[in-house]
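First comes the structure, then the notes that go with it.
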Amino acid sequence: MMQTVTAVASAFLGGGVTAFFGWLQSRKTAEIEANDAYVGSIQKLTHQMDELRADREIEYQRRMKVDSENLKLQAKVTSLNDRIQSLEQLNKQQTQRIKELTDQIHKLTLTLNGGKQ
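As structure tokens, this is what we get:
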């Protein structure tokens, strides 16, 4: 009887050990698959980040070009404004000179007409 119990216990334990190692193997396989999926997700995110960095660099270069063009245009506007101010000052000077000459002509006309207008 003891031998039968030992045989049954041994068979049960042997089957249990086999079942345990089977469960352990399936668990290991599941973890490997989960890790593979995790690695795949990280690779996908890394790829997306690389694409975003490339897009950001393109946008940065575009903005730098626009900023450079804006600075050139701003310099031209400043130059034109300076030229306009210069021409306005020249216009004031010429207007003043025309008034002076008009006054001189008027005085000469009076002198030639004997003081009569």
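Okay, so the sequence shown: first residue is 1 according to the numbering used here, each after it adds one. Ideal placement from N, C-alpha and C gives every residue a C-beta, glycine not left out. All figures in this text were calculated on a predicted structure; none of them were measured in a lab.
Helix, strand or coil, according to DSSP, for residue i in the structure here?
| i | result |
| --- | --- |
| Asn81 | helix |
| Gly40 | helix |
| Asn91 | helix |
| Gly114 | coil |
Beta-carbon within less than 8 Å of residue i's beta-carbon, same chain only, minus the 5 sequence neighbours each way: which residues are those?
| i | result |
| --- | --- |
| Ile105 | none |
| Glu185 | Shown here, the chain extends from 1 to 117; a query on residue 185 therefore has no answer. |
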